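**Student:** Just so we're aligned, residue 155 is where the sequence shown starts under the numbering used here, counting upward by one.
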Amino acid sequence: MAWNEPGGSGKDNDPWSNPRRSGKPPNIDEAIERLQKKFGGAMGGAGSGKGIAVVAVLLIVVWLLSGIYIIDAGQRGVELQFGKYTDTTSAGPHWILPYPIGTVVKVNVDELRDKQLKMTSLTNDENIVEVRIGSQFLVTDPVKYLFNVRDPEGTLSDVMQSAIREVIGSKKMDNVLTEGRAEIVSLVRDRMQNLLDGYDTGLKVQSVNLQDIQPPEAVQPAFEDAIRAREDEQRYISEASAYANKVVPRARGNAAQIIEQAKGYESKVTNEALGDASRFEQLLKSYKLAPDIARERMYLDAVSGVLSKNKSIVVDSGSGNNVFYLPLGSNDARAPTGKPADFDSLPLPSLPSQADNGNPRGSISSDNRGDLRSRSAP
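#1: Can you check the region 306 to 335 for any alpha helix (DSSP H) of at least 4 residues that lies completely inside it and give the ranges in chain order?
#2: Under 8 Å by Cβ, that's how I've got L300 and V261 pegged, so tell me the actual separation to the nearest angstrom.
#3: Can you grab the Cα-Cα spacing for the pair R382 / P375, in whole Å?
#4: Roughly how many angstroms separate the alpha carbons of L212 and R343, rounded to a whole number?
#5: Using the Cβ count rule (16 or more neighbours within 10 Å means buried), how would you classify T491?
#6: Excluding the 5 residues preceding and the 5 following V297 in the sequence, name in chain order all residues of the same chain whose CB lies nearer than 8 Å to its CB.
#7: Is N348 helix, strand or coil by DSSP?
#8: Can you list, in chain order, the residues of its chain with a C-beta nearer than 7 Å to that of D354? Leave out the 5 residues immediately preceding and following it.
#9: DSSP three-state call for G459: helix, strand or coil?
#10: Comparing C-alpha positions only, which one of T309, D351, R449 and R319 sits nearest to V339?
#11: Please list the terminal residues of the continuous beta strand (DSSP E) segment that includes F291.
#12: Please report how far the alpha carbon of D379 lies from the alpha carbon of Y419, in whole angstroms.
#13: List the residues that DSSP assigns as beta-bridge partners of N302.
#14: What's the gap between the Cα of R389 and the Cα of V402?
#15: Under a three-way DSSP split, which group does Y239 fall into?
#16: Does the structure place the region 242 to 255 close enough to the region 276 to 294 that three or more beta carbon pairs sit under 8 Å?
#17: Got a sec? Which residues, its chain only, sit under 8 Å from S324 by beta carbon, not counting five neighbours each side?
#18: DSSP on V258, reduced to helix/strand/coil?
#19: Assuming R286 and K269 are in contact, meaning their beta carbons sit under 8 Å apart, how far apart are those beta carbons, in whole angstroms?
#20: In the DSSP output, which residue or residues are listed as bridge partners for E420?
#21: When the Cα atoms are used, what is the spatial distance from I206 to A227?
#22: Under DSSP, the beta strand (DSSP E) around Y253 begins and ends at which residues?
#23: Relative to the C-alpha of L349, which candidate in M314, A427 and R304 has its C-alpha closest?
#24: Indicate the three-state DSSP secondary structure (helix, strand or coil) for A207 in the structure shown.
#25: Using the Cα positions of R267 and L218, report the straight-line distance between them to the nearest angstrom.
#26: Since I believe A317 is in contact with R335 (beta carbons under 8 Å), could you give me their beta-carbon distance rounded to a whole number of angstroms?
#27: Give me, in chain order, the residues of the same chain whose beta-carbon lies closer than 8 Å to that of Q347; leave out the 5 immediate sequence neighbours on both sides.
#28: If you follow the beta strand (DSSP E) that N278 is in, where does it begin and where does it stop?
#29: How long is the line joining the alpha carbons of R304 and E387, rounded to whole angstroms?
#30: Identify whether V362 lies in helix, strand or coil by the three-state DSSP scheme.
#31: Within 10 angstroms of its Cβ, does R406 collect 16 or more other Cβ (buried), or is it exposed?
#32: With a 10 Å radius around its C-beta and 16 neighbouring C-beta atoms as the bar for buried, classify S395 as buried or exposed.
#33: Only counting the same chain, and skipping five residues up and downstream in sequence, which positions put a Cβ closer than 6 Å to that of D295?
#34: Measuring alpha carbon to alpha carbon, tell me which of L331, Y453, P306 and A456 ends up nearest P370.
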């Protein structure tokens with residue numbers, strides 16, 4: 155049964171046993187007097203002044219002990235005395251004059267603070283882009299972080315917006331949407347750090363992530379087409395470069411081979427010309443010594459060369475004289491109509507001449523030499 159439940163033999167079950175049947179509030183003076191008597195009895199019957207002194211001492215001890223505090227790893231404690239900075243403490247137990255004289259503000263210097271931002275910005279060619287960017291920060295100086303800026307979070311947001319607008323405002327839209335993203339991230343990070351250092355915030359930018367940057371939704375299809383065209387251009391350039399890398403070495407090899415062949419032909423023709431010139435000089439010397447003999451020799455050599463390239467027929471006339479027949483009137487020996495005759499290719503008649511011992515001096519082809527000897531025998 156509850157203490158205030160009706161019933162219970164008409165007894166009041168108030169656990170404090172305080173007779174409040176009259177409904178009047180308790181007498182504060184009586185309560186203080188009872189406490190003084192109790193503490194006075196505990197002190198061996200000393201006066202009430204000593205009891206109050208003991209209570210005061212105990213309260214002072216408890217108050218002083220409340221000034222003990224512990225700084226965790228990765229934190230720094232900033233001690234203030236009457237609101238003024240006095241010291242910065244590292245991890246471990248420390249003591250300070252308790253409140254309201256001294257206070258401690260704990261700052262986590264190992265915590266990576268994240269800031270996300272979505273905004274629009276204007277490019278150098280006056281186009282609008284939508285940007286979603288995130289950045290991570292560390293507190294490097296707790297004192298500067300607490301006292302040099304009134305609103306660190308708001309300052310971070312303002313610094314990010316300023317850096318992004320400054321960097322993107324210096325770029326063209328095509329560069330911003332394609333290959334310029336890595337450069338934008340680097341420039342934004344550097345610009346943010348410069349601004350934070352200028353404000354003396356005690357913050358360090360660890361990283362900047364450009365999560366997305368797109369033109370407005372109404373013009374996205376056109377920009378996607380432009381991006382695809384640029385990708386196709388790069389692909390064609392890569393294919394052309396690969397083809398050039400394949401063909402150019404082969405062409406260079408062929409060119410080197412042709413050059414070597416030309417050099418060989420040049421050497422051959424030059425040597426032949428030098429040989430012909432040398433033979434001509436030797437022939438000239440012989441001609442100067444015996445012109446008639448040299449002339450006859452050259453004639454016989456020419457006739458021999460012509461006869462060796464043409465068929466010759468020896469006809470027995472029955473009178474003991476041999477008649478040579480050369481097909482000078484054939485089609486292959488006749489020059490084409492309308493063109494001058496190529497006398498170098500025409501067969502020349504052979505006029506046999508006798509040497510000193512009755513032997514023929516002119517050269518006759520091997521096919522006719524045997525018939526000539528048999529028919530000219532007596």
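For each residue, glycine too, the CB sits at the ideal point set by N, CA and C. Computed from a prediction, not measured in an experiment: that's the story for all the values here.
**Tutor:** Working from what's here:
#1: 306 to 322 and 327 to 331
#2: Here residue 300 refers to the residue found at position 146 when the sequence shown is read from its first residue. Here residue 261 refers to the residue found at position 107 when the sequence shown is read from its first residue. About 7 Å; that satisfies the 8 Å criterion.
#3: In the sequence shown, counting from the first residue as 1, residue 382 sits at position 228. In the sequence shown, counting from the first residue as 1, residue 375 sits at position 221. Roughly 11 Å separates the two Cα atoms.
#4: Start at 1 with the first residue of the sequence shown, and residue 212 comes out as number 58. Start at 1 with the first residue of the sequence shown, and residue 343 comes out as number 189. Each residue's Cα considered, the two are about 56 Å apart.
#5: Here residue 491 refers to the residue found at position 337 when the sequence shown is read from its first residue. Because the pLDDT of T491 is 44, which lies under 50, any placement of that residue in the model is unreliable, and the question is left without a value.
#6: As a working note, residue 297 is residue 143 in the sequence shown. Hits under 8 Å: V232, Y239, T242 and G356.
#7: If you number the sequence shown from 1, residue 348 lands on position 194. N348: helix per DSSP, three-state reduction.
#8: Locating residue 354 in the sequence shown gives position 200, where the first residue counts as 1. Result list for D354: K298 and N302, in chain order.
#9: By 1-based counting over the sequence shown, the position of residue 459 is 305. G459: helix per DSSP, three-state reduction.
#10: Taking the first residue of the sequence shown as 1, we reach residue 339 at position 185. Checking every option, the nearest Cα to that of V339 belongs to R319.
#11: Walking along the sequence shown from the start, residue 291 turns up at place 137. Note, F291: beta strand (DSSP E), I282 to V293.
#12: Start at 1 with the first residue of the sequence shown, and residue 379 comes out as number 225. Start at 1 with the first residue of the sequence shown, and residue 419 comes out as number 265. About 58 Å.
#13: For the purposes of this step, residue 302 is taken as the residue at position 148 of the sequence shown. Note: N302 sits in no beta bridge, so no partner.
#14: Indexing the sequence shown from 1 puts residue 389 at position 235. Indexing the sequence shown from 1 puts residue 402 at position 248. The alpha-carbon atoms of R389 and V402 are separated by roughly 20 Å.
#15: The count along the sequence shown starts at 1 and reaches residue 239 at position 85. Reduced to three states, the DSSP call for Y239 is strand.
#16: no
#17: The residue you call residue 324 lines up with position 170 of the sequence shown. N278, listed in sequence order.
#18: Here residue 258 refers to the residue found at position 104 when the sequence shown is read from its first residue. In this structure, V258 counts as strand in the three-state DSSP scheme.
#19: For the purposes of this step, residue 286 is taken as residue 132 along the sequence shown, with counting starting at 1. For the purposes of this step, residue 269 is taken as residue 115 along the sequence shown, with counting starting at 1. Between K269 and R286 the Cβ distance is about 12 Å, and since that is not below 8 Å, they are no contact.
#20: Along the sequence shown, one-based indexing puts residue 420 at 266. In the DSSP output, where bridge partners are listed per residue, E420 has none listed.
#21: As a first step, residue 206 must be located in the sequence shown, where it is residue number 52. As a first step, residue 227 must be located in the sequence shown, where it is residue number 73. The alpha-carbon atoms of I206 and A227 are separated by roughly 42 Å.
#22: Position 99 of the sequence shown holds residue 253. Neither: Y253 is in no beta strand (DSSP E) and is coded neither H nor E.
#23: In the sequence shown, the residue the question calls residue 349 occupies position 195. Closest by alpha carbon: M314.
#24: Residue numbering aside, residue 207 sits at position 53 when the sequence shown is read from its first letter. Looking at A207 - three-state DSSP - the assignment turns out to be helix.
#25: Position 113 of the sequence shown holds residue 267. Position 64 of the sequence shown holds residue 218. In a straight line, the C-alpha of R267 is about 35 Å away from that of L218.
#26: One-based indexing of the sequence shown puts residue 335 at position 181. One-based indexing of the sequence shown puts residue 317 at position 163. That pair is no contact at about 15 Å.
#27: Against the sequence shown, residue 347 aligns to sequence position 193. Cβ within range, chain order: K358 and V359.
#28: For the purposes of this step, residue 278 is taken as the residue at position 124 of the sequence shown. Unbroken run through N278: none, as it is neither H nor E.
#29: The sequence position of residue 304 within the sequence shown is 150, counting from 1. The sequence position of residue 387 within the sequence shown is 233, counting from 1. One C-alpha to the other measures close to 52 Å.
#30: Position 208 of the sequence shown, counted from the start, is the residue given in the question as residue 362. Strand, per DSSP.
#31: Counted from its first residue, the sequence shown places residue 406 at position 252. Label assigned to R406: exposed.
#32: For the purposes of this step, residue 395 is taken as the residue at position 241 of the sequence shown. Exposed, since its Cβ has fewer than 16 Cβ neighbours within 10 Å.
#33: Position 141 of the sequence shown, counted from the start, is the residue given in the question as residue 295. Around D295: G356.
#34: Taking the first residue of the sequence shown as position 1, residue 370 is located at position 216. Comparing Cα positions, the closest option is L331.
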